[in-house]
Amino acid sequence: MKTSLTGMKIKLKLVLLMFIGCLVSQGLFAQEQQTPNDYVVVLKRFVQRLHDPDLATDIILSQDLITSKKLDEDLQDYLLASIDEIRINVQSKDINQLEYLSFAQAGRKETSDIDLEGIDPQQVYFVKYLKRFVFAAVIRDKKIASFTLVSKGNNKAHFVFY
Numbered sequence: 147m148k149t150s151l152t153g154m155k156i157k158l159k160l161v162l163l164m165f166i167g168c169l170v171s172q173g174l175f176a177q178e179q180q181t182p183n184d185y186v187v188v189l190k191r192f193v194q195r196l197h198d199p200d201l202a203t204d205i206i207l208s209q210d211l212i213t214s215k216k217l218d219e220d221l222q223d224y225l226l227a228s229i230d231e232i233r234i235n236v237q238s239k240d241i242n243q244l245e246y247l248s249f250a251q252a253g254r255k256e257t258s259d260i261d262l263e264g265i266d267p268q269q270v271y272f273v274k275y276l277k278r279f280v281f282a283a284v285i286r287d288k289k290i291a292s293f294t295l296v297s298k299g300n301n302k303a304h305f306v307f308y
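So in the numbering used here, spot 17 of the sequence shown is number 163, and the numbers just go up one at a time.
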């Protein structure tokens, strides 16, 4: 009887492990979550690539930013110009002195005029240089989803996604 009980326990454990394995393989049990450190790594990589004068802007657009599948030509030109503008700003700074702050770390004073419009605040980060904000970014799926804040009136700004 004891051997039979031990055998059943082993079979039960195997079935349980197989069940968990199926859940994991289908993404139902363990979904990949980004940690705050992962977001900073993505942001630092983006800044380093912006700082590199030998890297073409369209490469940064295609490899580092999330955009809709099809950008019309005018929107793509605008986005490339926006990247170039932020690039000039970043290239004029000593990137070793940049700070990377989460939305929560940035403080209420700096974030009170941003309307997140449903964006997870854990995905919002700021780049700061010598106590001044350089730009803000929304990070999703290990890429930059937005680095563009625009006014929406009433002293509020919101992120634009392309």
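Where a beta carbon is used, it is the ideal one built from N, C-alpha and C, also for glycine.
Item: Ignore the nearest five residues each way along the sequence and tell me which others in residue 196's own chain have a CB closer than 8 Å to its CB.; Value: 206, 229, 232, 233, 236, 237
Item: What alpha helix (DSSP H) runs, 4 residues minimum, are completely inside the region 190-226?; Value: 203-210
Item: For the structure I just gave you, are there three or more beta carbon pairs, one from the region 266-276 and one from the region 244-254, closer than 8 Å?; Value: yes
Item: Hey, how far is the Cα of residue 290 from the Cα of residue 204?; Value: 14 Å
Item: How many Å lie between residue 226 and residue 211 at the Cα?; Value: 11 Å
Item: CA-CA distance, residue 281 and residue 293?; Value: 7 Å
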